[in-house]
Structure formats: C-alpha cells, structure tokens
Amino acid sequence: MSLNRIVGRWLWVGVWCVAAAPVAAQQGRAVQGKLDEATYDRIVEDFIQYDIGNIRDPVAIDQIRMRFNALTTDAAVPALVRGLNRSTQMRASCPITAICSRIRSIVNHTKDPELGTLVLKNLERRDVGQYNYHLAGVFNSAEKAVLRTKGAAMAKDQFHRRVDSDQQRLASVPGMKLTDLPARGDDAQTRSANEEASDSDAKKPDADKSRAGRAPTNATAKPNPPAPAAATDLKKLSVADLVKKLDDFALQIKVLEELYRRAGSSDGREVAAHADAIIKALAEGDAAVREVSARLLGQLREEKAVPQLIGAVADSNPHVRSAAATALTRTTRQLFGPNENASADEVKQAVARWREWWAKQPHAER
Amino acid sequence: MRLSADAEFLGTGNRDPGFDLSWPRRPPRRFPRSHISLVLVVVGLVAVSWLGRDTAAVTGRVVFDKTGLPVAGARVGARGSNERVQTGADGRFRLRSAAPSSSRIVASKPGHFIAGMPHVGGVRVRLKKYPTEQSPDYEWLDPGPDPAGAENCANCHAEIYRQWSASSHARSAVNRHFLDVFYGTDWTGRPNVGWNFSRDHPEARAVCVACHVPTIAADSSIADDPARATGVVREGIHCDLCHKIAGADDSAIGLQHGRDALRLVKPAGGVQVFFGPLDDVDRGRDVYSPLYKSSLYCASCHEGTLFGTRAYETFSEWRASDYARRGVECQDCHMKPDGTTRRIATGAGAIDRDPASISTHHFAASIDESFLRSSVEIDVDARREKECVRATITVRPKNVGHCLPTGSPDRHLVLVVRATDAAGAELRQTSGLTIGSEGGVGSLAAGNLSGQPGTIFGKLLRGPAGESPAPFWRAVAVEKDSRLRPDEPAELQFTFDRSSDGPVRLSVSLIYRRFYKLTAAEKGWPDSDVTLAERSIQLP
C-alpha cells in the first residue's frame, strides 16, 4: 500500500473521529437507550453520505454502518423519517431502500401507539421512480402499525379515504368497474388485517397452516372471515389458493408479489389462467395494488388485459402509469409511452395513441 | 561635509558644509511617451496571459490498484463530458477542458473496472482488474421490475427495460413462429405440422438455443428444450446476458453461434461485472468496452452457416457494403438514440446526459413497421404509348447497410403491379416479370399473388426433392437470391396491353412477408402482409 494511501486513510479516520466524537461518546447507549435527536440525525446523515458514495474510507464506513445498524429502537424513527425525506428529495435510491427497510422493521414491531401516526404525518410522498414502491411499503407498515396499536377506527378511515379518491379517479376511466369496492362501514377488511397482525405476533404457525386455503373469497360478504395465512406461508399455497386471497385487503400486495414470482416459473400458465382476478385487482385496488397488478399482467403478457392497462396509463399515480405502460409494451411490443417524466399532456397523448392502436387490432376486445 | 554635488547644482542643498546630511536628489526627468506605451503593451500582455491561463485543466495520475504502478494508455475524462485523453508512460494525464469541481474524473483500461475520483486537487485514480471467470453457478439477473429483487435491472433502468420489452430480443425464447418451427407444431399447438426442426435434427437442437435461449444452462435437462425454460432464461436475450459479454470471437464468424462465440464473464461469489459502451460509470462494477459500438458484437447471432447453408448473412452483407467502409455500425441504426432519454437510470448516481448519446434498446428492426417502411421507397414512371402502357418502377433501399430483407431466409418483399382501366378491369400484362409460385398459389383475395405482374425480392432455398421454399436445415441449394443490395436500386420494366382509350390507373405496392405464403398457411400463422410503400398513378 502506498504511503499516500496510508496517510490518506488515517487522515480520514482522524477527521471522522473528531467530527463524530459526540456520537462515539454515546455509542454504548445507542443500542440500549435513547440518544438525543441530533445524534440520531447525525448517524442517519453519515449513513446517507456513505451510501451515496461521498465517504470512501473503509474504516470510517465500518463505523458508520455499525452505528446505522444499531438503530433498532422506536426513538430512531423520527431521524430515520427525516433522513428518508432527504434521500427522496435527492432521489438517492440506495439510502431510500436501506432507510425504508429500517423504518419498516422498527414500525412492524412497535408497541408505541403514536409511532405509526408519526410516520404517516411526517413522511413526505415524493416521486422517486421505481423506489416509490419502497416508500409505499413504509406507508403500508405505518398504517398497519396504527391499525395494530390504536385499533381499527383510524386505519379504516384512512382506507376509506383512499378508496374514495380511487373511486373518483377510476370513474373517469372508461372500462373500469367499481361495483365490488367495499362499502363504508364494513369493517371486514380492517378486522382481517387486525387478525393477521395478532396472528403474526402470536407466532402460531400450526394455526396459520390449518387456515391456509380457507381465506374468504369476498371479504365484504363475510361477517367473520378467518384470518389469512402469514405472509411467509404464501409460498406454500397453490396458485388457485393465492388467487382466492386476492380479495383479502391486508394480503393483496403480498399475494400479487407472490403471483409475480410464480408467473416467471413453471406455474406461469396457471397464473395466466387467473388473469381476470388480476385485472380486477388492477381496476379496484389502491395505488400499490394497481402497480403490482400491472407489473404482473405485463409479466404474463396477457392480451385480454390490454384495455384495462390502457386505462391504467391514465392513472393519477405515476408509478401505476409507468408500470401499465411497461406492461403494455411487453404485451404488445408497441412503444407509445408515456415515460416516467411525462407531462400531463404527454400522458394524454400516450393514452390516445394506445387507444387508437388497439382499436385497429383485429382481435381487440372492445 | 558635502554629500552631493547635485544639491548645489539644484540650489536646494544644505549649504552648511559641516552638517549637510540630506540624501542626494536626482533631478526630475520627464518619462518618455514612447516608454509609457511600451509599459502599457507589457501590462496588457501579462493581463491577457493571466486571464487566459489554464485554470480549468485537471491533472492527475492513474495507477494500478494492487501495485500502485502507473498505468500507461488509460482512457481518462470527466464524467458526463466528451473530452478523453490517454495517460502517458508515467500514468499522468492532463484534461484541457473545464471540469466542474463536483464532477468525477474517471479512467478505464481494457481488463479493468472503470474507476473514478472526485475532482479535488490532484486526482489519483486506481484501476482494479475485473474477474474473468465463468462460474457455472452464476445466477442471471432478472431484467423485470421487482422491488424485492436487489439487482433487478428494471428497478433502476425502467425506461431501457421498457424499450427492450418491445424488441425481438425480449421474445427470442417464446416467439411462436420460432417454437412452431422448432417443435413442428402449428399456431394452435397441433404437433407434426409442416416444418419441424426437432424431427429433422434432434441432435442439433442446442444450435438454435445458442441464440434464441442463450442463458439456458448447457448441462441442464432442458438445455435443448426452450419451451420448458422458466424465469430469467425464458426472457431470451436479456440485459444481463448482453452486458456480460467481454469479447466476441471473430475467427469463426458464422460457424460459431450465439453464446458459443461470445466470451462471457460470470463471476462467482456475488461479484458483479457489467460491460457497456459508457466509459464513465464508476460504480466499481462496470467495464468500458468499445465492442458495444461494433457490429462484431452482433455477428455471432446475425451470421450463421447452418447445415451447409448460409442461412443468416446480415453481418457479411454489412461487411461487404459501403456502410462498413464508412464506419456505420449496426448500433448506429438499430440502437439510434431516441433523442428524449436523458438518463440511463433513475435515482442517485445517474447523471443527465446528452440524449444523443443514449442508445435505445428496442432494437428497431423488421418488427417495427414504421422503421421497416423507412428503409425503402418506390418510384413509378409510367406513360401511355400507342398500344401499351409502359411503366418503369424503381425500388430503392434507403440507409440500409445490408440486403433488404435480411436475417431469416424466409423474409421477402413482394412487388405487385396492377394496371386497370376506367371500369376497374385488369389490363393484360405484355412484358415484365411476374410473381412466382412462392408468392402463394390460390385465390387472389386470400393474398395469393402467384402469376401477378411484379416480382419477389428474397432468398429462396431449394430442398433435396426440388421443393422450395425449403427450410435452411434441409436446403441443398439457394434457388435464387433477389434481395435488394445496399444502395443498389432495382429498376423494373412492365408493359400492359392498352385495349381501350379510357384512362388507366397504375397501382404499385411493396409488401413485406415474414414467411413464404405456403409455409405460413401450413402452420396456420395469422401473419398479415405489411405494406411498405404504395404508389398509384392515373394516366389519361
């Protein structure tokens, strides 16, 4: 190793030690107790700087990663949320992924009734391309945390607000059916999610296994639906059983993700046979569900989903739009866009081009 | 004491002879005007030289990571800029153009990862060798979007993934025409219908797989059974395969096929290497490779002598053309930048680039009808003569660096010429070419054009029993090859009997077909004709 490099490395370590002295002094307490907000912010900020490539020294990186990995308590969440907001502002994909994962792991296990609300109130919704999916995951975890710790009322209200906005949006898209959306006041969805949470907390694999395959076919029609299987069990279910679970609001995204994985496997044809259920999820789900549904239909190259996918190109959510456009291209081999940064006019033009092209196809379902 | 004679001379000195300590004074002299201009000129020159000094230059050194020894001949530049210089024998470089302090200075050299350093003071870039192993355990990266996947290509390269999804490369493994010919099925899946490669050459199925399903493991139980491929392998010619190509063997072009002629790097232990045409992506996993701008990169799949027949000749057609001499490579037309994409990836790390520098990945080709239409034009010159209508038709390929059509030997163009009188009745052809039986025998309404005035531009293979069209694996001879050569227009003369005095309408159309009519009909393929150009002239 050259002298220059050795000096450079130790210089870095020195600078870092001086700058991070307050953090180092409290390192012992970082794992056990609560640090002050500034220290948490400093740990998160250092991690972001490392993750975007501004810190190259391996010794300093070890320290930074160790401190970040020690952030496992509820007290770290405000700083993590602030750090995530900074990361999304600079569209830094690596820290977004890492911090989202950290927040989710804390929030998923919290017993603090205010923590989920804190995340929901302070986390900024920002367009970060493909990584918006991670951001959506944090929101989902936070909503579930609220559901679990504060009871169903607040989460139910949030769910219905989201459904209302989706209904308004979908109403403007030809070909979309809204008839099966759960009615306000029906708390089957939230109850189901509650039971899932309590099940997973209680860790009763045998009980979960015995329930597998008995999920409600229509959550709105069942007054007392059995609790769904834990997410990890989805891998063991058949495609048909997975499709049945699509009606379970709490499991929808995980089921679609599992179907997405199966679509590329030898189960692909079986998944394709249930395209109608996935098309329904695309038409009726929330933004995250619509996005995964579009991706799944693209993976299947399902031609009968083309009209619904064209409708989804006009979606209010840019990630649903992008997923739908990609799915359409994968299915039809046409490149009409819109791309990720398209303006509202460009989106309209893309939808018009898709409709015009589809109308000319001899096998088009109209 | 007198210290100065000048004081007296001036009449201002201390006249006390004992204590005159004043400093001698020089008489004031007028500065010559000519000297003032000289000084101004000198000051001006100094100022100009100072203002024009090389403040933007970036200097530094490139060394090998392990030894610290200087790297000679490394390619160096500022990220996102166009200027590139080479290091000298001492590893030193000097960039002339301005580089913002926020930019990174990047260096590359064959055999090494691209490396970079922030532009702060003297730059020292360390080059690290990339692994060259071909691990049998390497797991291909999934091109599709999946946030749960750590390395899925589309997670960051959404736009490029979408473009690729529209390409034939994305369907090479699941293309129904390919599978029908490979397994001998028809469009509905009925077995033993028409051409059947697996029946004729069961031992050679892996030859097709080398290009169509190139990432299927050669030693797996489904190595020659593309229909059973799943997951990433089923995605055909995908991102990770293309960007794992370290080199292409040019010693046996046309004789080695697809992956067999490519040097792939598949590192073990979770290490990643990505090859590409950009020389400034310094994540520590990328390698600059000029091969990615060269036609040689495409040759192993787009040139193939198979079972004694030169079935695929695109690369050699290009190499014999003026386009090769002019340095126009495959990528220049088939990966032409769309002019709108500014970033190759989303998120941090990606930079805004000149849209003209980002290649599209939908590989515009025959599947893209507008691209196909832009490749050819027809001119019609027709006149009425005393007893006939005479037409000269010129079919002119435009900006095509290979034959038209090229690739699969079954692709062909059909030129159809019709002359009708005022009542719409066909005029009798008295001279000129007519379309052969390969244009389809049967009802005209069903697209069978045999016997019609016109011709076919295509390659027609003959089988052992004299049958044509024959599949390339059964061909014993090339019956004819009438395809359009690069930049060589075809001029054809037709005359029609002029039986009445009324006006005559001359209609000319040029149709593209992927397979000969007989083959497509046998397989039940719902192929439709693609009309590339049409002209219609009314003669009084």
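Order-wise, the sequence lines are chains P and G.
Under the working numbering, think of the first position of the first sequence as 907, with each following residue one higher.
Under the working numbering, think of the first position of the second sequence as 26, with each following residue one higher.
Each residue gets a CB set at the ideal place from its N, CA and C atoms; glycine is no exception.
As the structure is a computational prediction, the values presented were derived from the model and not from experiment.
Inset, instruction - Whole angstroms is fine: what's the gap from L1215 of chain P's alpha carbon to E1246 of chain P's? - result: Position 309 of the first sequence holds residue 1215 of chain P. Position 340 of the first sequence holds residue 1246 of chain P. Straight across, the Cα-Cα distance linking L1215 of chain P with E1246 of chain P is about 16 Å.
Inset, instruction - Label A1194 of chain P either buried or exposed according to how many other C-beta atoms from any shown protein chain fall within 10 Å of its C-beta, with 16 as the threshold for buried. - result: For this step, residue 1194 of chain P is matched to residue 288 along the first sequence. Around the beta-carbon of A1194 of chain P, 16 or more other beta-carbon atoms lie within 10 Å, marking it buried.
Inset, instruction - Select from P:W1263, P:D1153, P:Q1255 and P:L1241 the residue whose C-alpha is nearest the C-alpha of Q188 of chain G. - result: Your numbering for residue 188 of chain G matches position 163 in the second sequence. That would be P:L1241, whose Cα lies nearest to the Cα of Q188 of chain G.
Inset, instruction - For the segment 386-409 of chain G, enumerate the residues whose C-beta is nearer than 7 Å to any C-beta of chain P, in chain order. - result: Residues H387 and I392.
Inset, instruction - Measuring only between beta-carbons, confirm whether E184 of chain G sits less than 7 Å from chain P. - result: Reading the second sequence from its first residue, position 159 is the one you call residue 184 of chain G. With 7 Å as the cut-off, E184 of chain G counts as an interface residue toward chain P.
Inset, instruction - Starting from Y313 of chain G, trace the beta strand (DSSP E) both ways and give me its first and last residue. - result: Along the second sequence, read from residue 1 onward, the residue named residue 313 of chain G stands at position 288. Judged by DSSP secondary structure, Y313 of chain G falls within the beta strand (DSSP E) whose first and last residues are D311 to Y313.
Inset, instruction - Whole angstroms is fine: what's the gap from I958 of chain P's alpha carbon to L1206 of chain P's? - result: Along the first sequence, read from residue 1 onward, the residue named residue 958 of chain P stands at position 52. Along the first sequence, read from residue 1 onward, the residue named residue 1206 of chain P stands at position 300. If you take the alpha carbons of I958 of chain P and L1206 of chain P, they lie about 35 Å apart.
Legend entry - Residues that A173 of chain G contacts on chain P, provided the C-beta gap is smaller than 7 Å: Within the second sequence, numbered from 1, the residue matching residue 173 of chain G stands at position 148. E1163, listed in chain order.
Legend entry - Inter-residue Cα distance where the pair is T112 of chain G and N200 of chain G: Counting from one through the second sequence, the residue named residue 112 of chain G turns up at place 87. Counting from one through the second sequence, the residue named residue 200 of chain G turns up at place 175. The alpha-carbon separation between T112 of chain G and N200 of chain G amounts to approximately 48 Å.
Inset, instruction - Using three-state DSSP, classify M142 of chain G as helix, strand or coil. - result: The residue given as residue 142 of chain G occupies position 117 in the second sequence. In the structure shown, M142 of chain G falls within a strand segment according to DSSP collapsed to helix, strand and coil.
Inset, instruction - Using a threshold of 7 Å, state whether the C-beta atoms of C236 of chain G and G283 of chain G are closer than that. - result: For the purposes of this step, residue 236 of chain G is identified with residue 211 of the second sequence, where counting begins at 1. For the purposes of this step, residue 283 of chain G is identified with residue 258 of the second sequence, where counting begins at 1. A contact, by the Cβ cut-off of 7 Å.
Legend entry - Three-state secondary structure assigned by DSSP to Y541 of chain G: Taking the second sequence and counting its residues from 1, the one referred to as residue 541 of chain G is at position 516. Y541 of chain G: coil per DSSP, three-state reduction.
Inset, instruction - Would you decide whether R1175 of chain P is buried or exposed? Buried here means 16 or more other CB atoms lie within 10 Å of its CB. - result: Residue mapping note: residue 1175 of chain P aligns to position 269 of the first sequence, counting from 1. Per the 10 Å Cβ criterion, exposed.
Legend entry - Pick from G:R129, G:Y155, G:K269 and G:S160 that is closest to V145 of chain G, judged by C-alpha positions: Against the second sequence, residue 145 of chain G aligns to sequence position 120. Taking V145 of chain G as reference, the option from G:R129, G:Y155, G:K269 and G:S160 with the minimal CA-CA separation is G:R129.
Legend entry - Cβ contact (3+ pairs, closer than 8 Å) linking the segment 160-170 of chain G and the segment 138-152 of chain G: No: fewer than three Cβ pairs fall under 8 Å.
Legend entry - 7 Å Cβ cutoff met for V405 of chain G and R560 of chain G: The residue labelled residue 405 of chain G in the question sits at position 380 within the second sequence. The residue labelled residue 560 of chain G in the question sits at position 535 within the second sequence. In this structure, R560 of chain G lies closer than 7 Å to V405 of chain G by Cβ.
Legend entry - Cβ contact check for the segment 376-393 of chain G and the segment 490-503 of chain G: 3 or more pairs under 8 Å: Touching, no.
Legend entry - Contacts of Q1267 of chain P in chain G (Cβ-Cβ under 9 Å): As a working mapping, residue 1267 of chain P is identified with position 361 in the first sequence. In chain order: nothing, as chain G lies at least about 11 Å away.
Inset, instruction - Could you work out which residue in P:A981, P:P1268 and P:E1208 is closest to A1230 of chain P when comparing CA atoms only? - result: As a first step, residue 1230 of chain P is located in the first sequence; it is residue number 324 there, counting from the start. Minimum Cα distance to A1230 of chain P is reached at P:E1208.
Inset, instruction - Would you identify the three-state DSSP class for I536 of chain G, choosing helix, strand or coil? - result: The residue given as residue 536 of chain G occupies position 511 in the second sequence. Taken through DSSP and simplified to helix, strand or coil, I536 of chain G comes out as strand.
Inset, instruction - Taking R436 of chain G as part of the beta strand (DSSP E), name the residues at either end of that continuous run. - result: Counting from one through the second sequence, the residue named residue 436 of chain G turns up at place 411. Annotation for R436 of chain G: no beta strand (DSSP E) segment contains it, and DSSP assigns it neither H nor E.
Legend entry - Segment limits, alpha helix (DSSP H) that includes S395 of chain G: For this step, residue 395 of chain G is matched to residue 370 along the second sequence. For S395 of chain G, the uninterrupted alpha helix (DSSP H) segment begins and ends at E394 to R398.
Legend entry - Under 7 Å from the C-beta of S1011 of chain P: neighbouring residues of chain G: The sequence position of residue 1011 of chain P within the first sequence is 105, counting from 1. Under a criterion of Cβ atoms nearer than 7 Å, no residue of chain G is adjacent to S1011 of chain P; the nearest Cβ is some 15 Å distant.
Legend entry - Helix, strand or coil at C413 of chain G according to DSSP, with G and I counted as helix: Position 388 of the second sequence holds residue 413 of chain G. Strand at C413 of chain G.
Inset, instruction - In the DSSP assignment, find the alpha helix (DSSP H) that holds R230 of chain G and state where it starts and stops. - result: Walking along the second sequence from the start, residue 230 of chain G turns up at place 205. R230 to H237 is the span of the alpha helix (DSSP H), which, as asked, contains R230 of chain G.
Legend entry - Span of the beta strand (DSSP E) around E504 of chain G: Numbered from its first residue, the second sequence carries residue 504 of chain G at position 479. First-last of the beta strand (DSSP E) with E504 of chain G: A502 to D506.
Legend entry - Contact under 7 Å by Cβ, I139 of chain G with Y313 of chain G: To locate residue 139 of chain G, count along the second sequence from 1; it is residue 114. To locate residue 313 of chain G, count along the second sequence from 1; it is residue 288. Yes, these two residues count as a Cβ contact at 7 Å.
Inset, instruction - Quick one: grab the DSSP three-state call for P478 of chain G. - result: Taking the first residue of the second sequence as position 1, residue 478 of chain G is located at position 453. Three-state result, P478 of chain G: strand.
Inset, instruction - Go through the segment 171-204 of chain G residue by residue and report every complete run of the alpha helix (DSSP H) that reaches 4 residues or more, in order. - result: Correct list: 178-181 and 183-190.
Inset, instruction - Determine, using beta carbons only, whether T92 of chain G comes closer than 7 Å to chain P. - result: Residue mapping note: residue 92 of chain G aligns to position 67 of the second sequence, counting from 1. Judged by the 7 Å Cβ criterion, T92 of chain G is not in contact with chain P.
Inset, instruction - State the Cα-Cα distance for the pair A375 of chain G and R368 of chain G, rounded to the nearest angstrom. - result: The residue labelled residue 375 of chain G in the question sits at position 350 within the second sequence. The residue labelled residue 368 of chain G in the question sits at position 343 within the second sequence. Going by the C-alpha atoms only, they are around 6 Å apart.
Legend entry - Simplified DSSP state of D406 of chain G, which is helix, strand or coil: Your numbering for residue 406 of chain G matches position 381 in the second sequence. If DSSP states are grouped into helix, strand and coil, D406 of chain G belongs with the strands.
Legend entry - Beta-bridge pairing of G301 of chain G - partner residues as DSSP gives them: Your numbering for residue 301 of chain G matches position 276 in the second sequence. Partner residues in the beta bridge of G301 of chain G, as assigned by DSSP, are G:Y313.
Legend entry - Listed by chain order, chain P residues near T255 of chain G by CB distance under 8 Å: Translated into the one-based positions of the second sequence, residue 255 of chain G becomes position 230. Simply G1170, S1171, S1172 and G1174.
Inset, instruction - Report back the beta-carbon spacing between T330 of chain G and G279 of chain G to the nearest angstrom; my notes put them in contact at under 8 Å. - result: As a working note, residue 330 of chain G is residue 305 in the second sequence. As a working note, residue 279 of chain G is residue 254 in the second sequence. At roughly 5 Å, the Cβ-Cβ gap stays under 8 Å, so T330 of chain G and G279 of chain G are in contact.
Inset, instruction - Identify, in the order they occur along the chain, each residue of the same chain with its Cβ nearer than 6 Å to the Cβ of T417 of chain G, setting aside the five sequence neighbours on each side. - result: Taking the first residue of the second sequence as 1, we reach residue 417 of chain G at position 392. So the list reads D406 and Q518, once near-sequence residues are dropped.
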